[in-house]
Structures are given as structure tokens and as C-alpha cells.
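Protein chains: 2
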Amino acid sequence: MANDTANKTLKYWGWGYAEDGLSADQAKSLLNTISEGFGIEPSRDGAFPTMDAITLPTPRIEAPANLSKICTSDTHDRVVHSFGQSQPDSIRIYNGDFEHAVDLVAYPKTSADIAAIYDWAGNKNAAVIPFGGGSSVVGGVTSDVGCNFNGVISVDMTRMNKVLEVDPISRAARIQGGARGPELEAQLKPHGLTLRHFPQSFEHSTFGGWVATRSGGHFATLYTHIDDLVESTTTVTPVGNIVSRRLPGSGAGPSPDRFMMGTEGALGIITEGWARLQGRPTYKATAGFRFTDFFDAARAVRMVSQAGLFPANLRIVDGTELKVNGAGDGSFALMVVSFESADHPVDTWMARAEECCLDVGGVIDVDWRNNPEANLQGAVGAWRTAFIRMPYNREQLTPRGIISDTFETSTTWDVFESFYHAIKDATQAAIRDVTGHDGAVSCRFSHAYPDGPAPYFAFHAPGNPGGDGTVMLEQWQEIKTRCSDALIANGGTITHHHAVGRDHHKWYEQQRPALFGNILGDAKKRLDPKGILNPGVIVG
Amino acid sequence: MANDTANKTLKYWGWGYAEDGLSADQAKSLLNTISEGFGIEPSRDGAFPTMDAITLPTPRIEAPANLSKICTSDTHDRVVHSFGQSQPDSIRIYNGDFEHAVDLVAYPKTSADIAAIYDWAGNKNAAVIPFGGGSSVVGGVTSDVGCNFNGVISVDMTRMNKVLEVDPISRAARIQGGARGPELEAQLKPHGLTLRHFPQSFEHSTFGGWVATRSGGHFATLYTHIDDLVESTTTVTPVGNIVSRRLPGSGAGPSPDRFMMGTEGALGIITEGWARLQGRPTYKATAGFRFTDFFDAARAVRMVSQAGLFPANLRIVDGTELKVNGAGDGSFALMVVSFESADHPVDTWMARAEECCLDVGGVIDVDWRNNPEANLQGAVGAWRTAFIRMPYNREQLTPRGIISDTFETSTTWDVFESFYHAIKDATQAAIRDVTGHDGAVSCRFSHAYPDGPAPYFAFHAPGNPGGDGTVMLEQWQEIKTRCSDALIANGGTITHHHAVGRDHHKWYEQQRPALFGNILGDAKKRLDPKGILNPGVIVG
Chain A
14 MANDTANKTL KYWGWGYAED GLSADQAKSL LNTISEGFGI EPSRDGAFPT
64 MDAITLPTPR IEAPANLSKI CTSDTHDRVV HSFGQSQPDS IRIYNGDFEH
114 AVDLVAYPKT SADIAAIYDW AGNKNAAVIP FGGGSSVVGG VTSDVGCNFN
164 GVISVDMTRM NKVLEVDPIS RAARIQGGAR GPELEAQLKP HGLTLRHFPQ
214 SFEHSTFGGW VATRSGGHFA TLYTHIDDLV ESTTTVTPVG NIVSRRLPGS
264 GAGPSPDRFM MGTEGALGII TEGWARLQGR PTYKATAGFR FTDFFDAARA
314 VRMVSQAGLF PANLRIVDGT ELKVNGAGDG SFALMVVSFE SADHPVDTWM
364 ARAEECCLDV GGVIDVDWRN NPEANLQGAV GAWRTAFIRM PYNREQLTPR
414 GIISDTFETS TTWDVFESFY HAIKDATQAA IRDVTGHDGA VSCRFSHAYP
464 DGPAPYFAFH APGNPGGDGT VMLEQWQEIK TRCSDALIAN GGTITHHHAV
514 GRDHHKWYEQ QRPALFGNIL GDAKKRLDPK GILNPGVIVG
Chain B
14 MANDTANKTL KYWGWGYAED GLSADQAKSL LNTISEGFGI EPSRDGAFPT
64 MDAITLPTPR IEAPANLSKI CTSDTHDRVV HSFGQSQPDS IRIYNGDFEH
114 AVDLVAYPKT SADIAAIYDW AGNKNAAVIP FGGGSSVVGG VTSDVGCNFN
164 GVISVDMTRM NKVLEVDPIS RAARIQGGAR GPELEAQLKP HGLTLRHFPQ
214 SFEHSTFGGW VATRSGGHFA TLYTHIDDLV ESTTTVTPVG NIVSRRLPGS
264 GAGPSPDRFM MGTEGALGII TEGWARLQGR PTYKATAGFR FTDFFDAARA
314 VRMVSQAGLF PANLRIVDGT ELKVNGAGDG SFALMVVSFE SADHPVDTWM
364 ARAEECCLDV GGVIDVDWRN NPEANLQGAV GAWRTAFIRM PYNREQLTPR
414 GIISDTFETS TTWDVFESFY HAIKDATQAA IRDVTGHDGA VSCRFSHAYP
464 DGPAPYFAFH APGNPGGDGT VMLEQWQEIK TRCSDALIAN GGTITHHHAV
514 GRDHHKWYEQ QRPALFGNIL GDAKKRLDPK GILNPGVIVG
């Protein structure tokens, strides 16, 4: 029953499978870089509790006969399903805070299973938390739902992980909501097709989770969110199913798909959908450019974004972020540009993008010409290696009392520079006030649009020396609050692609138009009249 | 007070300004083509009623003092605002059927004016019909709202027609909802920027109308609907304003903009919005290809759509449609491909698109190489001329008893051929059953997506010989019903970009997920608790 793939066991204390993580050398290097570069030192050398040491509350609810075969109250299952991959969740696990652990984990295999879970949970007044890959970094699957429920059941969708149909003519596939990235790509591969939606969480997130949270993939322009790749959706709600038509485009009233996307399990579970696919790219090129001024790099992104070239990758990373990740010395910002195509050589596209970069002072880091390995070379390659490894860092940092987190947003180009300073300064000030030390606050662009970038901020800060994890959690919360206040005050979005979850809800309520909040509340009453679905998420 | 621009008076019996239309020769040529090509003959030589001959019902409501300055019950204003540009509206005007004429026309200048109209109309139980350019071809502004209201007021938005702000850095502008296409482009031009959203109705439709109806522009790929060009919206509803943030991209819950887009005035009036702009294109190329087989042309569209080239134009027109419009002899289908850019030469893009077309049997109609006038030459040029003139045809045909209409949809590539035959056959059978004659039923693609085309059907049919317009209206309704039934039965959308209006509502209710219909109904109760806004549209 355990949440395994290919006989691997999911880690309960951090990212990925139990057997995966940083090597001892990599962990040492990470700590050294943060220490030497920014004076951020470990305040302790703690460890996550072992499974043996974890005692969970007795489950408050027990699966009825008709659901017993797909439900478990196994301790490992309950622990893994009680948290996502956020900084506060990591601290809670470190602290052994399992007071709000889910009571049951269900692994439905069919929509009928889900409907039966809803019926039973509704009668029991148990909260239902949909669970895809469990990689939410915003408390989307965190099981502390308050005291209004008689229990919490996590609905793990990963048994519904099939690609049900492939339409090679239209290049589309019907994919079940519980299919994780590698699983769905493996099923598409024999057809010569690919979804090519690669969020950083790709390995541990699901198609349904992507749609429910409006996830951002590796396409830095054009198809930035899964939204753009969705042709139709099927959502199972407590009062019935919402099934939209397969339509390449439509102007018939407001889009039902666009309404369900981003509801984060609060209105139903997205059990399947038709997704638009790509041919497997045969032409690729990657180039890297260094800029001494981050804002020059930003100008290059703007020029390329507005040129109508639609690169697959178009990212910049500031000097601090390169330094934190051992990919630079802090003296330059890096821009990475990639084009890919299953149809045609991309040289003309890349040549024009390069002109834009050189025009505003970029210096070639790695040359793309006749260089299929460019993505592995120079600062570009070093950054790529660090990026892939990044999700494993936190399990090293939390036990050592080092707070690390990221948040992402978007803003328009006209105000970008002042926005950047406001957010960065607010973050640095919050870290100083809370910890008494400077933090390492950095920025990259995860996605870019003709009208503005999606800046992605990261910070590392030294948690309270010698303190326990409770104080660390409070410190994180204060820093998070002040960063989020700054995002909202400066006109940004509380999230560009990480989703709202429980952690962003307060600011989401400030951001969304109040009357639209009422509409969502009415929809919640309509689709989830007993209010059991992912309480506290999207609809407060 | 009349709805004029630059001292021109709007025609009440058809498209455009009173002074515009087909020349006598052009009208004769149109009738000859239909007669000689398809045996469709005029059954009468009637005329629309003159303004002198029109008697309207006495207005049932009178503007209160606070609104009297912005309201009128002038006959011309009332007639123009009681109908859109649909075939049934044209017949109703021909028939002199002004029983349901609007009682009042209001020309608000501010959001406060609109709020005052809502308050007053709510108290009077008067229906409020938002009116942009009045070019709805689906009954979106048609004033027959049933017998539950004490009056009808048309809210003409064209006094709110300013571009309020231009942000040249982000390439975006804040545009009032009542700005017609030419007005808003004229205001953007000094900034070197353009929205480049050119629906066929461009001259007589407004930015707010486009957003409310999810209009389709001239971009045949990528930015097909106005949806894609909208950064934020402001909607004035009877219970307050819904204002979204300017965000290039966001994943914070379901998009409030995407929910308001397509509500067609049933939930509020979109008074302004920020729109994403383009640089004015300096590089352009147009090519034309002839195909003996329409489905080969469709295959070429699919190849180009899936190649990631994103042409500005990518349309095919079948032999019948070319023949009806005097741009071909019926023996070939035409494909038009255009690329445009403000940034870079488009030769590489066009060369690859051309390869796709030639690969599936296309023959060059006009060559794009070193040919800036290609769009004016060959069948491409002939079609272009006919296309621009097309909206003026109906005022020639209705008085002569010739039924002419269009409808558009979308479907996926895998089923396109069978879909095409099913729709075309259903239309032809309906025309035969209803009129006893064959019609001219044709198809083009208005827009194209990687996963499917947006087929646009047109038909001409001989109305009842010697009959009056009442029978012609019934004939049209029966044909329309059977075409619409076929669209829904075959998995299409009832509209790709013409909107739902009153004419499509019955089929829209079949198409949209039932629970989503409930959500829209709840939103209507929330935002328009007295149910006065555009009754019968979107929310039944």
C-alpha cells in the first residue's frame, strides 16, 4: 500500500525517494558555500526523527467496509501524506509535530472510489485532502485543517496514473490525474510525443496536481503554465462530475477549464484531462551570457520576450543565486537561452536572441554554435547541475537551523526595477530583524512574458542559535509574512506558479477581487456543500 | 446624441455607416455569382423600411433627472440599438418588427453613470443591455428579452472610448471598454504600438465588447482570442466593481479575468482593461497556395500549426466559398499564410511554412519572395477584397429573400474530416428540407491550433418565393437549429468566437458542463441580484 514507484519508498523528511539526496561531499560543499560566501552558519547539528521515534495520534476515523481495500492507516503512509515540501513542513517534521497527521490515506483506483470517499467523508464530517505527488511548497496538502472536522483523509491519486488515450493526429492525450511526470512521459514516448511540462517537481508531482495548482513548467515563454496545454478536464466533485469538451479553442462563455484550473482541490479532484502534446524535439540549442548588471540581463529578457521568438528557456540568475549554488562568484548574472523544435533548425531564432543579449552588454558564457553540449558547460552547466540538485538541499539545512525558502511572483516591466528592490529589501530587512543577521537573498527569472517577468526569489538565513525548531518556525513565518506583504503592496501576485495553498491564503484574499472571492465561495457551496474538500485552501 | 463617429451616422438596416456599402455594380455581381454559380435566385425585390415608415412603441420608461443628460429615446437611436448584425435581426428589420425596441438608450461617460443606470433600472425592473459596436451576429444585443421586464435600456459604451494610459516598456495600454477598433488603434499609433486584434467587425466593435464576447482577431494562431491579449480587467456590476491586478502571468487561484471574459454583459459591463500590445510590424510576408483537395489544404494547416511557427495568418478557403465571393471557380481551395514581425525578417519562418504546404500538394498561387504586394494578388488578393466587403452583403440579400448566414466552431484534427462532412451535410439537408432547393454551403478556417482547426461555415439559400419575411425568419430558424444540433452532436463548440448571445443559448446549455452552468447561475445571483443584466444571455 505504501506510496512507492518501482519499489522505491518516498522519503518522509524531505524531497524524493529515501535513497536519493546529496552526497556527503555535496552537503559539505553546500554548507561551506553558504558559510564562506554569506556568513550563514549552522546553529545546530540536529536530525529528523527516525520512523521508530514517531508516534502518531490514534486515527479518529476508520475506513468503512466498502473503502477498506483502498485505505490504510499505516504510519509511514500517514506521515508522508501529512506534509508537503515547504520550509514550514520541513521544520514541523524536524520538530516531530505530528499532532495533525492525517487519519487515513486512501488510494482510489476509479472515479467511483473517489465518489464513495466523498460520501463517507461527508457523513463523517471528515476533511478530504487531495494528494498528487505531495510536492506542494505552499501547504496545499498540509493536514492541519483546524478543529471543525472529525478526521482527515488524504486521497492519494497515484493509482490513477495511466495515459488512457493518445491522439497522434491532434497531438493530444487523455491522462489520468495521478500520473507523475516520469510515468506519463514514459507512456507518451512510444508515440513519439511528449507533454514537455517539466516543473522542478516533475518527478514528484502529477498531471492532476499540475492542473489543480496551475503549475509552471520548463517552458519559460509561451506555454509557461499547464493551463496552456490543457484541452479539457474532468473533475469529480461531491455533487457530480464536471466534464468539458475537447476543444482546441472556444469562445462559448467563460471557460469551464479555466475556472477549475487553480482550485487546488477545494472544489473537486481533477481525475483526468486531455493535454496538448509536442513532438519530441530534435533540434536544440542553448546559449549562456554573462552580465555585470542584473538589470541589463533583465533588459535582454525583455527584448527577447517582446521579439516574438518564444524560446523554450529564457532565464536569468543573479550573482547571489549563482554564488549560493556554486555556479558563480557573485560578480556576474547569468542568462540562459534555449530553443528547441521537433520541426526545424533553430539557428535563426537563436541568432536573433543572441543579438538582443549582446546589444545590452551580454558576454558569451557558452557559445551555442555547433555546440550540442552547451547546456552542460560554463556557468550554464554549473547552474543546471545545482538546479537539479536544489530540492535536496533543505533536508540538509533544516536540521542545522538554516532557514531556506523561495517565493515567486510576477510584475510588469515598467516597474520591475523598483519592484525588485522593494521585495529584496523587505526580505533582507525581515531576515535581519528576525534573526539578527544578514541573509543571502537572491533572484532569478523562472518565466518571462512580453509584458513582464516572473521573478523567483530565494533566501537563506541563519535560524536562532541553539534554539529549537519552534522558534525557527516562528522566524520563518515572520519573514514569510513580510515578504508576502511586500509582494501584495507592490502590485505583484502572491504566486506565479507555486500555488496558493494554506501558506498564501491570507495574501490571496487580498489579491483577488473581493467579489470574485464571493463567486468562488458560492461555487464551493454548490460543489462541496458539506465543505469537506481541502479546507482552508482557495476558499477560506 | 446619435451614435456617430466623425459625423457619420450608423446604418439601422445593416452593416456600418449609412454612406457605406456595396456599389450598384458590386451588388449586381454578388447576385449574379450566387445565381449563376448555385442557382440561388432572388424571390423578391424588397426594401428595408425607411426611417419615416418606422413607428416604435411608446417608451415604457423615462430617464430620471440624474440620467436624463445621458439618455435618449430618439427613434434612430432606439432602432439602431434594438438589433445586432445577425441574419434574423436583418429579417426583423426588413419586416418592420420593432415591437421589442429598446425604450431608452443611455450613453454613460463614467463608471458612476453605469452604477446609476443599474440602480435606477433595478428599481424599475428594466432590463439593461450593454451595447458596444452593436455588431453581435448572435443576438447579443437584440432587445427581445421576454415579458418579465417593465422596459429595456441599451447602454451604449462608445462615449467611454479613451486609451487612458500607455506603458511602452511593458507594451500595454489601459483602454476603456467603449473604444472601437479604429479609435483605439489611432490612440496607440503615436506610441508606435498596436493591439493588432482585428476581428472582421473591427470597425464596429469595441474593446469591452471583444473581452465580453471572447472575440477572435486576425491572428490565426497563438493570440487567436482577445483573451490572450488581456492583462487585467475592470467590470462594473450592480453590486460593485471587479478589478484584477496587472499581471503578466499568475497561478494564484482560478483567473478572475478568465471568468469575466465571455460573460457577454450578463454579469456586468467591462469598462476598461489593460491589454498587451505589439510593436508595429515592419517585416511582413504573405503567400498563397492552391489545393485541389480541401483536406490536403487542411493537412497543410495542421502541419504548419504543429511546427511551432505561429504565422499571423493561416487560413484556408474552400472552392465553394471562393466561388460565392468571386475569388475562384470552385475547382481549388486556397491557403493564405502570412508572417509579420516588428523585430526580425520572417523569411526563415515562411520558407518552412511553404515547405509544409508544398509537401502536401499545394501549388503556389502568389509567391511571397520579394513580393510585398502578395496579399493583393492572385486568388489571395481577390479573396481579401471579398472578405473586407462581406459584411455589406446581407443588406442586399435579405430584401431579395436570400438567406445568408455563417457559423463557426472548432474541433480536433483527428475527427476533422468526418466532422466537416457531418456539419456540411446537415446544413445542406436542412436547406433542402426547408427551402426545397440546394444551398451554397462553404467552409473556411478562421483560426488554427496545434490540436485542431476552427472551421467557419457559410451558407446561402433561396428563401420562400414570394413569401413575406415572417416565413423567411422561420426558415432561417429551422436551418440554424439543425446546424447547431449537428455542431453539438458532433462534439464541436457552438461558437469559436462569435459568442453565445440569445441565438446560441439553447446549445450553449447543452455544451457547458451542467454544474458549471450552476456556478454561472450563482455568480449571476451574486453580481446581478435583480437579474436585469442582458437577460437570456449566458445565464438562462
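Listed in order, the protein sequences are those of chains A and B. When you line the first sequence up against this note's numbering, it's residues 14 to 553, in that order. When you line the second sequence up against this note's numbering, it's residues 14 to 553, in that order. We put the CB at the ideal spot given by N, CA and C, even for glycine.
For the options I507/B, L201/B, D418/B, H511/B, the alpha carbon positioned closest to that of Q488/B is the one of D418/B. Bounds of any alpha helix (DSSP H) do not take in M173/B, whose DSSP letter is neither H nor E.
Taking the CA atoms as reference points, E367/A sits about 20 Å from G292/B. The C-beta of H473/B comes no closer than 7 Å to any C-beta of chain A. For chain B, the residues of the region 503 to 529 of chain A that bring a beta carbon within less than 8 Å of one of its beta carbons are G504, G505, T506, I507, T508, H509, H510, H511, A512, V513, H517, Y521, Q524, R525, P526, A527, L528, F529, in chain order. Residue A392/A holds the alpha-carbon nearest to the alpha-carbon of A340/A among Q319/A, I377/A, G321/A, A392/A.
In terms of CA proximity to D541/A, T250/A leads the group P70/A, F61/A, T250/A. Within chain A, the residues Q319, P463, D464 have their CB atoms less than 7 Å from the CB of R184/B, given in chain order. Scanning the region 109 to 159 of chain B from its first residue to its last, the whole alpha helix (DSSP H) runs of 4-plus residues come out as 124 to 137. DSSP places I507/B outside both helix and strand once states are collapsed to three, so it counts as coil. Judged by beta-carbon spacing, I507/A lies within the 7 Å limit of H517/A, meaning their Cβ atoms are closer than that value. Setting aside the 5 residues that flank it on each side, A399/A is surrounded in the same chain by N338, G339, A340, each with a C-beta closer than 8 Å to its C-beta; the list follows chain order. With respect to chain B, the C-beta atom of V256/A has a partner C-beta closer than 7 Å.
Within chain B, the residues I182, S183 have their CB atoms less than 7 Å from the CB of W426/A, given in chain order.
Residue-level contact by beta carbon holds for T361/B and chain A, with a gap shorter than 7 Å. Note that the region 133 to 153 of chain A touches the region 270 to 287 of chain A; at least 3 beta-carbon pairs, one per stretch, sit closer than 8 Å.
In chain B, no part has a C-beta under 8 Å from the C-beta of I188/A; the shortest such distance is about 14 Å.
Taking the beta carbon of T276/A as reference, the chain B residues within 9 Å of it are G266, P267, listed in sequence order. Here F352/A carries a strand assignment [DSSP, helix/strand/coil].
For A346/B, not one C-beta of chain A is nearer than 7 Å to its own C-beta. Scanning G449/B, Y25/B, S42/B for the CA closest to the CA of P62/B turns up Y25/B.
Against N531/A, the close residues of chain B are R539, in the order they occur along the chain (beta-carbon pairs closer than 8 Å). At a cut-off of 7 Å between beta carbons, H357/A contacts chain B.
Cα atoms of N20/B and I166/B: separation of roughly 24 Å, rounded to the nearest angstrom. Closest in C-alpha terms to R515/B, from the list H217/B, G27/B, D157/B, comes D157/B. Distance from the CA of C369/A to the CA of L242/A, rounded to the nearest whole angstrom, comes to 28 Å. The beta carbon of T424/B sits closer than 6 Å to those of F432, G465, G505, all from its chain and outside the five residues before and after it, given in chain order. Rounded to whole angstroms, the separation of the alpha carbons of F232/B and H509/B is 14 Å. Here DSSP, grouped into helix, strand and coil, assigns S497/A to helix. Assignment of A502/A by DSSP, reduced to helix, strand and coil, places it in the helix class. Taking CB atoms only, S423/A has a neighbour in chain B less than 7 Å away.
Using a Cβ-Cβ cut-off of 7 Å, G191/A does not count as an interface residue toward chain B, since no Cβ of chain B sits closer than that to its own.
Annotated as distal: R184/B and L177/B, with beta-carbon spacing of 7 Å or more. Annotation: the region 271 to 331 of chain A contains the following complete segments of the alpha helix (DSSP H) (minimum length 4 residues), in chain order: 307 to 319. Counting along the chain, the unbroken alpha helix (DSSP H) around R402/A starts and ends at 391 to 402. Interface flag for I551/B against chain A is set, since a Cβ pair is found closer than 7 Å.
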